[in-house]
Amino acid sequence: MYDLLLRQCRLLQADGGITEVDIAIQDGTIVAIAPQIAAIAKLVLDIQHQLVSPPFVESHIHLDSALTIGQPQWNQSGTLFEGIDIWRERKGILSLKDVKTRAIATLKQQAIQGVLFVRSHADVSETSLTALQALLEVREEVKDWMTLQIVAFPQDGIYGNPQNERLLEQAMEMGADVVGGIPHYELTHEDGTKSVHRIFELAQQYDRLIDLHCDEIDDEQSRFLEVVAACAIRTGLGSRVTASHTTAFGSYNNAYAFKLLGFLRRTQMNFIANPLINITLQGRADTYPKRRGVTRVKELWQQGTNVSFGHDCIQDPWYPLGTGNMLEVASMGLHVCQMTGKAEIDACYDMVTWNGATTLNLQNDYGIEVGKPANFIVLDACDRYDAIRRRAIAQYVISQGRLLAHTELPRTHWQPQDGSINQPNALALSRDA
Ligand code: 17E
Ligand code: FE2
3 MYDLLLRQCR
13 LLQADGGITE
23 VDIAIQDGTI
33 VAIAPQIAAI
43 AKLVLDIQHQ
53 LVSPPFVESH
63 IHLDSALTIG
73 QPQWNQSGTL
83 FEGIDIWRER
93 KGILSLKDVK
103 TRAIATLKQQ
113 AIQGVLFVRS
123 HADVSETSLT
133 ALQALLEVRE
143 EVKDWMTLQI
153 VAFPQDGIYG
163 NPQNERLLEQ
173 AMEMGADVVG
183 GIPHYELTHE
193 DGTKSVHRIF
203 ELAQQYDRLI
213 DLHCDEIDDE
223 QSRFLEVVAA
233 CAIRTGLGSR
243 VTASHTTAFG
253 SYNNAYAFKL
263 LGFLRRTQMN
273 FIANPLINIT
283 LQGRADTYPK
293 RRGVTRVKEL
303 WQQGTNVSFG
313 HDCIQDPWYP
323 LGTGNMLEVA
333 SMGLHVCQMT
343 GKAEIDACYD
353 MVTWNGATTL
363 NLQNDYGIEV
373 GKPANFIVLD
383 ACDRYDAIRR
393 RAIAQYVISQ
403 GRLLAHTELP
413 RTHWQPQDGS
423 INQPNALALS
433 RDA
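Residue numbers (the numbering used here): 3 to 435.
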């Protein structure tokens, strides 16, 4: 007898193909996938031809600042830099309980919408390292239902303050999974370049991944991405390296951008764009025409470079909105990057699933295959395009073989306008009618 059996699944495969199958789970692992599995299980779910997909991957979020909107004040200019200043005030009064409560509330919000893998930044330019300590504890507390990776992120720069370099190294010792940086916010260009080299050194010394906030500015002179690319090539760290935001890439002249694209292809490194945030943070110094402030997602994707989309913020000093819904992120990415071709829309779905998993180096644990951990979601959709267009609801979220969340679909009752008496439910419309 299986623990869990899902019948009549439209199983989404890595190549975008769909097969009609049953899926059986035992002890947290997928043990059978076949057109019809004749067996009994402790729990049987009839999926009725809904889409079964690997879970969403949130490859870039700041859980330490999530849900602090308005504390101590709202970001009036809407810029990255006012956000950093507001957060500097708020982070002065962090406690473990404060960070943990907000982080866990956010992770639950994400999980019920089908996110089971999250990479969060933790600001480590704050002397007590409370944000990091809290997120390390959260990583442990949620590990039975959510996989959390933590980036040690020096928000104020490694060299902006005499103690920050030591704090970043301390964060490695405390167990951060990834080393971060912010070269465009270091005091000088030289400091920015030096910070990238230092980050690569730490990653090698502590055997960690790299994910930098890189060139998150509209300044076409901000060119730390080439330094990251050079380090990725020379160290061979390649696919263990990620450049987040890289919004200046959208402002580079094409002659430079095309040369850079070739270097980037060689690196095998990953990119994360955060379209919800950067469409609002960037372009603030522009009048008209106003730049979109998002990196060259389409061109990177076209050349086979791995790109994912992240949410970045949920109600914090940088972004007042956010729900944790990765289909909202994919939809915004699709719009801002003009990815409206059919293959491009499908790619936007991959950017919040498979590509995020690649960025997080999850390859062995991710995907719906016999022998892999049973992590997947059932979406009220028939394919990737349908899922994005209608922001499909995650009806069932299965984490490590167990049902974690079930969301019922809304039903609309159309009221006849001819004066006749409505039959309850007779005219209920299904959402995809
Ligand atoms: N910090 C930063 O440097 N950039 C961002 N987009 C956020 C925090 C959200
Ligand atoms: Fe960020």
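Backbone N, C-alpha and C define an ideal beta-carbon position, used for all residues, glycine too.
Q) What residue does the beta strand (DSSP E) around Ser197 start on, and which one ends it? A) Here residue 197 corresponds to residue number 195 of the sequence shown, with the count starting at 1. Where Ser197 is concerned, there is no enclosing beta strand (DSSP E), although the alpha helix (DSSP H) it sits in stretches over 191-208.
Q: Can you tell me which of the three DSSP states Val54 falls into?
A: By one-based count along the sequence shown, residue 54 stands at place 52. In the structure shown, Val54 falls within a strand segment according to DSSP collapsed to helix, strand and coil.
Q.
Cutting at 6 Å between CB atoms, please list the residues of its own chain near Phe265, excluding the five before and the five after it.
A. Here residue 265 corresponds to residue number 263 of the sequence shown, with the count starting at 1. Answer for Phe265: Ala231, listed in chain order.
Q: Put Ile152 into one of helix, strand or coil per three-state DSSP.
A: Translated into the one-based positions of the sequence shown, residue 152 becomes position 150. When secondary structure is reduced to three states using DSSP, Ile152 falls in the strand class.
Q | Residue range of the unbroken beta strand (DSSP E) whose run includes Ile212 | A | On the sequence shown, position 210 is the one that residue 212 refers to. Residues 211-216.
Q. For the candidate residues Arg9, Leu118, Ile400, whose alpha-carbon lies nearest to that of Ala359?
A. Counting from one through the sequence shown, the residue named residue 359 turns up at place 357. For Ala359, the nearest C-alpha among the options comes from Leu118.
Q: Let me know if Asp220 comes out buried or exposed under the rule of 16 or more other beta-carbons within 10 Å of its beta-carbon.
A: Translated into positions along the sequence shown, residue 220 becomes position 218. With 16 or more other Cβ atoms within 10 Å, it is buried.
Q) Does at least one heavy atom of ligand 2 sit under 7 Å from the Cβ of Asp220? A) The residue given as residue 220 occupies position 218 in the sequence shown. For Asp220, the shortest C-beta to heavy atom distance toward ligand 2 is 7 Å or greater.
Q: For Ile235, name the three-state secondary structure that DSSP assigns.
A: As a working mapping, residue 235 is identified with position 233 in the sequence shown. Here DSSP, grouped into helix, strand and coil, assigns Ile235 to helix.
Q.
If contacts are defined as beta-carbon pairs under 8 Å, then Ala376 and Gly403 qualify, I think. What distance do you get, rounded to the angstrom?
A. Taking the sequence shown and counting its residues from 1, the one referred to as residue 376 is at position 374. Taking the sequence shown and counting its residues from 1, the one referred to as residue 403 is at position 401. With a Cβ gap of about 4 Å, Ala376 and Gly403 count as contacting.
**Q.** Chain-order list of residues whose beta-carbon lies under 6 Å from that of Asp179 (same chain, five-residue window excluded)
**A.** By 1-based counting over the sequence shown, the position of residue 179 is 177. Excluding positions up to five away in sequence, the list reads Gln151, Ile152.
Q: Using 7 Å as the cut-off, classify the Cβ of Leu82 as near or not near the heavy atoms of ligand 1, replying yes or no.
A: As a first step, residue 82 must be located in the sequence shown, where it is residue number 80. Checking every heavy atom of ligand 1 against the Cβ of Leu82, one is found closer than 7 Å.
Q: With a floor of 4 residues, list each alpha helix (DSSP H) that falls wholly inside the segment 127-183, ordered by position along the chain.
A: Counting only runs that start and end inside the segment 127-183, the alpha helix (DSSP H) elements of at least 4 residues fall at 132-143, 166-176.
Q. Rounded to whole angstroms, how far is the Cβ of Ile379 from the Cβ of Tyr351, which I believe are closer than 8 Å?
A. One-based indexing of the sequence shown puts residue 379 at position 377. One-based indexing of the sequence shown puts residue 351 at position 349. The distance from the Cβ of Ile379 to that of Tyr351 is about 12 Å, inconsistent with a contact at the 8 Å cut-off.
Q. How big is the Cα-Cα spacing for His313 and Asp367?
A. As a working mapping, residue 313 is identified with position 311 in the sequence shown. As a working mapping, residue 367 is identified with position 365 in the sequence shown. Going from the Cα of His313 to the Cα of Asp367 covers about 22 Å.
Q) Measuring CA to CA, which of Leu8, Gln38, His64, Leu13 is closest to Asp48? A) Within the sequence shown, residue 48 is the residue found at index 46, counting from 1. Out of Leu8, Gln38, His64, Leu13, Leu8 has the C-alpha closest to the C-alpha of Asp48.
**Q.** Reference Gly326, options Met148, Pro319, Cys315, closest by Cα
**A.** Taking the first residue of the sequence shown as position 1, residue 326 is located at position 324. Among Met148, Pro319, Cys315, the Cα nearest to that of Gly326 is on Cys315.
Q: Confirm the yes/no value for this check: CB of His215, any heavy atom of ligand 2, distance under 7 Å.
A: Translated into positions along the sequence shown, residue 215 becomes position 213. Within the chosen limit of 7 Å, ligand 2 reaches the beta carbon of His215 through at least one heavy atom.
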